[in-house]
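**Q** Taken in sequence, the protein lines are chains A and B. When we follow the working numbering, the leftmost residue of the first sequence carries the number 178, and every step to the right adds one. When we follow the working numbering, the leftmost residue of the second sequence carries the number 768, and every step to the right adds one. All C-beta atoms, glycine included, are put in the ideal place defined by N, C-alpha and C. Just so you know, these numbers come straight off a predicted model, no measurement behind them. Attaching a single structure in structure tokens format; questions to follow.
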Amino acid sequence: MKLITATVKPHKLDDVKTALKEVGIAGMTVTEVQGFGRQSGHTEVYRGAEYTVDFVPKVRVEVLTDDEEADAVVDAIVSSARTDKIGDGKIWVTDVLRVVRIRTGELDGDAL
Amino acid sequence: MDTGDTAWMLIATALVLFMTPGLAFFYGGMVRSKNVLGMLMQNFFAMGLIAVLWAVVGFTLVFGDWGNAGVIGNLDFIGFKDVGQALTGDAYVTGLALTIPPVLFAAYQMTFAVITPALISGATADRMKFSAYALFIGLWLLLVYAPVAHWVFGGGWIFDIGALDFAGGAVVHMNAGAAALAVILVLGRRRGWPHEPMPPGNLPLTLLGTGILWFGWFGFNAGSALTAGGVASQALMNTFLAASAAMLGWLVVERFQSGHATTLGGASGAVAGLVAITPCAGFVGGLAPIAIGFVAGAVCMLAVGLKIRFGYDDSLDVVGVHLVGGFVGTILLGLFADSAVNELGFDGLFFGGGADLLVDQLVAAAATIAYSFTVSFLIAKVLDVVIGIRVSEDDENAGLDVTQHAENAYVF
Chain A
178 MKLITATVKP
188 HKLDDVKTAL
198 KEVGIAGMTV
208 TEVQGFGRQS
218 GHTEVYRGAE
228 YTVDFVPKVR
238 VEVLTDDEEA
248 DAVVDAIVSS
258 ARTDKIGDGK
268 IWVTDVLRVV
278 RIRTGELDGD
288 AL
Chain B
768 MDTGDTAWML
778 IATALVLFMT
788 PGLAFFYGGM
798 VRSKNVLGML
808 MQNFFAMGLI
818 AVLWAVVGFT
828 LVFGDWGNAG
838 VIGNLDFIGF
848 KDVGQALTGD
858 AYVTGLALTI
868 PPVLFAAYQM
878 TFAVITPALI
888 SGATADRMKF
898 SAYALFIGLW
908 LLLVYAPVAH
918 WVFGGGWIFD
928 IGALDFAGGA
938 VVHMNAGAAA
948 LAVILVLGRR
958 RGWPHEPMPP
968 GNLPLTLLGT
978 GILWFGWFGF
988 NAGSALTAGG
998 VASQALMNTF
1008 LAASAAMLGW
1018 LVVERFQSGH
1028 ATTLGGASGA
1038 VAGLVAITPC
1048 AGFVGGLAPI
1058 AIGFVAGAVC
1068 MLAVGLKIRF
1078 GYDDSLDVVG
1088 VHLVGGFVGT
1098 ILLGLFADSA
1108 VNELGFDGLF
1118 FGGGADLLVD
1128 QLVAAAATIA
1138 YSFTVSFLIA
1148 KVLDVVIGIR
1158 VSEDDENAGL
1168 DVTQHAENAY
1178 VF
């Protein structure tokens, strides 16, 4: 099993969700996050005082999949979140040891 | 007694009272979210404490022995004694030619007493103990507001020399602005200021507060005519135009200085214009309010940068907007005053009156600033020695909301 985590531009979230549904994922978790990478922050001005804001708003998407689906999920996120401009975000894939569905107690593949 | 005047002043009183919650939101939106309740509370609390103090002793200190050309009133009206429905022969009733019940006049003036100390809370934001704030504004009402209001509104020495202050450019704005500067010198900077960013937590709240202030200010300035007639109408128009022109003045400077016209700049400019027109509202006409407002907006935009240069943490720019804006209005009145607008006024430099009024305005401004700064500094210093006026480092980091009031503004 894999945990696929992606940070994407907030306005691409809907496209990512649609693409993932087409791939057939059973669920996803979304969080509003801030961070920086190669994309620099921006400047805000309040009554003439300038602040550099380093952290850029992003959306973190987390999807649990079985091993066979993982590549298709990654491809779907890449194609749906890409704008070809700096700051499109990243995707990383990690191995998952165990998954439990809380309501039924089902484990691993059955719980996905 | 005039029922028309009475009806208008009943409304004007409610309008001015509404400015204090408006100020609360104007300031509340500018602080970080961990301090927003603390800021709202400091403003709302003034409607509690100051109103009660006003009834007991504030009113009589300002309006007792009206016209004595002195420094403070007497205790003739302590506890609102003889301040009732019927017009009396008391000096303030005849001196101000009141046509409304004295109890309504006292209520109207009470709303001014409430908002003036509340203005100071913007400078001390994010770091003052609530207990110290409560004691400070109570003492400040009696030791600073009451005498200064007596000098101007109570027929005291500033009134006597012929300086003009229609609705409180000196009494309210320079007075609160000078006090704000004094208190923050005792209080010190917010931890992390100026290198740590402290952006406003909720600017829409600030814009809402600005709208309420602008709305309420019609009662503040047009109500200061104390009658429903031509002077009140002119004051209302002047108030409107000055706020509008000051918004433009601020935004023009801001656009050229930092590249953007900001919502906070528009709101701040409007308030700066309202401040500057306050002393002038019933004494100028024509396009003077546009000139006064535009200058005030531009000057205040430049003035808010001074705190960085001089290193004093006037958190929400009470000095830059109220002290400077009040000063600009008070001085420009010496140029633009036109006795054709108001028979109780005089002519300024541009209207054939020579420099006499301008000199009187400077004297009134200097005296108000010097007295308010000195006594406010002493009150803050004494309170700091006796009880400490600043919250602990941990409390400041955690925010005023949870440490001073055991509440949280935004609960998920």
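What residues from the stretch 221 to 235 of chain A come within 9 Å of chain B, judged by C-beta to C-beta, listed N to C?
**A** Contacts with chain B (Cβ-Cβ distance below 9 Å) from the stretch 221 to 235 of chain A involve Glu221, Val222, Tyr223, Arg224, Gly225, Ala226, Glu227, Tyr228, Thr229, Val230, listed in chain order.
**Q** Using alpha carbons as the reference points, say which of B/Gly983, B/Val911, B/Ile1156, B/Thr1097 lies closest to B/Ala1131.
**A** By 1-based counting over the second sequence, the position of residue 1131 of chain B is 364. If we check each option's Cα against that of B/Ala1131, B/Thr1097 comes out closest.
**Q** Cβ closer than 7 Å: which chain A residues qualify as neighbours of B/Pro964?
**A** In the second sequence, counting from the first residue as 1, residue 964 of chain B sits at position 197. Within chain A, the residues near B/Pro964 are Tyr228.
**Q** Spatial neighbours of B/Gly921 within its chain, please: CB distance less than 6 Å, with the 5 preceding and 5 following residues excluded, ordered by chain position.
**A** Taking the second sequence and counting its residues from 1, the one referred to as residue 921 of chain B is at position 154. Here the set comprises Val829, Phe830, Trp833, Gly840.
**Q** Taking the beta carbon of B/Pro971 as the centre, do at least 16 other beta carbons fall within 10 Å, making it buried, or is it exposed?
**A** Numbered from 1 along the second sequence, position 204 holds the residue referred to as residue 971 of chain B. For B/Pro971, the number of other beta carbons within 10 angstroms of its own is below 16, and it is reported as exposed.
**Q** Around the C-beta of B/Arg957, are 16 or more other C-beta atoms found within 10 angstroms, so that it is buried, or is it exposed?
**A** Walking along the second sequence from the start, residue 957 of chain B turns up at place 190. So B/Arg957 ends up on the buried side.
**Q** Could you give the first and the last residue of the continuous alpha helix (DSSP H) run that contains B/Pro914?
**A** Taking the first residue of the second sequence as 1, we reach residue 914 of chain B at position 147. Note, B/Pro914: alpha helix (DSSP H), 913 to 919.
**Q** With DSSP collapsed to three states, give me the class of B/Gly1064.
**A** Mapped onto the second sequence, residue 1064 of chain B falls at position 297. DSSP places B/Gly1064 in helix when its eight states are reduced to three.
**Q** Counting only Cβ pairs nearer than 8 Å, list the residues of chain A close to B/Gly1032.
**A** In the second sequence, residue 1032 of chain B corresponds to position 265, counting from 1. Residues of chain A passing the Cβ test: Arg224.
**Q** For B/Asn895, which three-state DSSP category applies?
**A** For this step, residue 895 of chain B is matched to residue 128 along the second sequence. Here the sequence assigns Met to residue 895 of chain B, which means Asn is not the residue at that position. The answer is strand: DSSP assigns B/Met895 an E or B state.
**Q** For B/Phe1103, count neighbouring Cβ atoms within 10 angstroms of its own Cβ and tell me buried if that reaches 16, exposed if not.
**A** Taking the second sequence and counting its residues from 1, one reaches residue 1103 of chain B at position 336. Flag for B/Phe1103 reads buried.
**Q** Use the C-beta contact count for B/Pro1056: other C-beta atoms within 10 angstroms, 16 or more gives buried, fewer gives exposed.
**A** For this step, residue 1056 of chain B is matched to residue 289 along the second sequence. Buried.
**Q** Exposed or buried, A/Ala203, counting other C-beta atoms within 10 Å across all chains shown (16 or more means buried)?
**A** Position 26 of the first sequence, counting from 1, holds the residue named residue 203 of chain A. If you draw a 10 Å sphere on the C-beta of A/Ala203, you find fewer than 16 other C-beta atoms in it, and that means exposed.
**Q** Cα separation between B/Phe1118 and B/Val870?
**A** Residue mapping note: residue 1118 of chain B aligns to position 351 of the second sequence, counting from 1. Residue mapping note: residue 870 of chain B aligns to position 103 of the second sequence, counting from 1. Rounded to whole angstroms, B/Phe1118 to B/Val870 spans 37 Å at the Cα level.
**Q** Mind checking who A/Glu209 pairs with in its DSSP beta bridge?
**A** Position 32 of the first sequence holds residue 209 of chain A. Its beta-bridge partners are A/Val236.
**Q** Please classify B/Gly825: is it buried, with 16 or more other beta-carbons within 10 angstroms of its beta-carbon, or exposed?
**A** Translated into positions along the second sequence, residue 825 of chain B becomes position 58. Label assigned to B/Gly825: buried.
**Q** Measuring CA to CA, which of B/Gly789, B/Val783, B/Leu804, B/Thr1141 is closest to B/Gly968?
**A** As a working note, residue 968 of chain B is residue 201 in the second sequence. Out of B/Gly789, B/Val783, B/Leu804, B/Thr1141, B/Leu804 has the C-alpha closest to the C-alpha of B/Gly968.
**Q** Starting from the beta carbon of B/Gln809, find every residue of chain A whose beta carbon is closer than 7 Å, and list them in chain order.
**A** Position 42 of the second sequence, counting from 1, holds the residue named residue 809 of chain B. Correct list: empty, because the minimum Cβ distance to chain A is about 20 Å.
**Q** Relative to chain A, which residues along the stretch 1023 to 1049 of chain B have a C-beta separation below 8 Å, given in chain order?
**A** Gln1024, Ser1025, Gly1026, His1027, Thr1029, Leu1031, Gly1032, Ser1035
**Q** Once you ignore the five residues that flank A/Asp192 on each side, which residues in its own chain have a CB closer than 8 Å to its CB?
**A** Along the first sequence, read from residue 1 onward, the residue named residue 192 of chain A stands at position 15. Non-local beta-carbon contacts of A/Asp192 in its own chain, meaning distances under 8 Å to residues more than five positions away in sequence, involve Ser257, Ala258 in chain order.
**Q** Taking C-alpha atoms, which residue in B/Leu1100, B/Gln809, B/Ala1107 lies nearest to B/Asp1123?
**A** As a working mapping, residue 1123 of chain B is identified with position 356 in the second sequence. Here the closest residue by C-alpha is B/Leu1100.
**Q** Are any of the Cβ atoms in chain A nearer than 8 Å to that of B/Phe1110?
**A** Here the question's residue 1110 of chain B lines up with position 343 in the second sequence. The question names Phe, yet the displayed sequence has Glu at residue 1110 of chain B. Output row for B/Glu1110: interface = no.
**Q** Apart from the five residues on each side of it in sequence, which residues of its chain come closer than 6 Å, Cβ to Cβ, to B/Glu1163?
**A** Along the second sequence, read from residue 1 onward, the residue named residue 1163 of chain B stands at position 396. For B/Glu1163, where only same-chain residues beyond five positions count, the Cβ hits under 6 Å are Arg894, Arg958.
**Q** Less than 8 Å between C-beta atoms, sequence neighbours within five positions excluded: which residues of the same chain meet that for B/Val915?
**A** For this step, residue 915 of chain B is matched to residue 148 along the second sequence. Cβ neighbours of B/Val915 beyond the five flanking positions: Ala937, Val938, Asn942, Thr1135, Tyr1138, Ser1139.
**Q** Give me the subset of the stretch 952 to 981 of chain B whose CB atoms are less than 7 Å from a CB atom of chain A, sorted by chain position.
**A** Pro964, Pro966, Pro967
**Q** Return the residues of the stretch 1059 to 1084 of chain B that lie within a Cβ-Cβ distance of less than 8 Å from chain A, sorted by chain order.
**A** Met1068, Val1071, Gly1072, Ile1075, Asp1084
**Q** Could you check if A/Leu284 is buried or exposed, using at least 16 other CB atoms within 10 Å of its CB as the buried criterion?
**A** If you number the first sequence from 1, residue 284 of chain A lands on position 107. Exposed: under 16 other Cβ atoms inside 10 Å.
**Q** For A/His219, which residues in the same chain have their Cβ closer than 7 Å to its Cβ, ignoring the five residues on either side in sequence?
**A** The count along the first sequence starts at 1 and reaches residue 219 of chain A at position 42. Closer than 7 Å at the Cβ level, and outside the excluded window around A/His219, lie Val230.
**Q** Verify whether the separation of the beta carbon atoms of B/Gly1064 and B/Gly1040 is less than 8 Å.
**A** If you number the second sequence from 1, residue 1064 of chain B lands on position 297. If you number the second sequence from 1, residue 1040 of chain B lands on position 273. In contact: B/Gly1064 and B/Gly1040 (Cβ atoms closer than 8 Å).
**Q** Just mark B/Ala1173 as buried or exposed, buried being the case when its beta carbon has 16 or more other beta carbons within 10 Å.
**A** Residue 1173 of chain B sits at position 406 when you count from the first residue of the second sequence. So B/Ala1173 counts as exposed.
**Q** Within its chain, find whatever has a CB closer than 6 Å to the CB of B/Lys1074; leave out the 5 residues flanking it on each side and keep chain order.
**A** As a first step, residue 1074 of chain B must be located in the second sequence, where it is residue number 307. Asp1081.
**Q** Find the residues of chain A that neighbour B/Glu1021, judging by a C-beta separation of less than 9 Å, and give them in chain order.
**A** Position 254 of the second sequence, counted from the first residue, corresponds to residue 1021 of chain B. Near B/Glu1021 (Cβ distances below 9 Å), the residues of chain A are Val222, Arg224, Gly225.
**Q** Using three-state DSSP, classify A/Ala226 as helix, strand or coil.
**A** In the first sequence, counting from the first residue as 1, residue 226 of chain A sits at position 49. Here A/Ala226 sits in strand by DSSP.
**Q** Just tell me which of B/Ser991, B/Leu902, B/Trp907, B/Ala946 has its CA closest to the CA of B/Ala1220.
**A** Shown here, chain B extends from 768 to 1179; a query on residue 1220 of chain B therefore has no answer.
**Q** Should B/Thr770 be labelled buried (16 or more other beta-carbon atoms within 10 Å of its own) or exposed?
**A** Stepping through the second sequence from its first residue, residue 770 of chain B is reached at position 3. Classification of B/Thr770: exposed, given that the 10 Å Cβ count is below 16.
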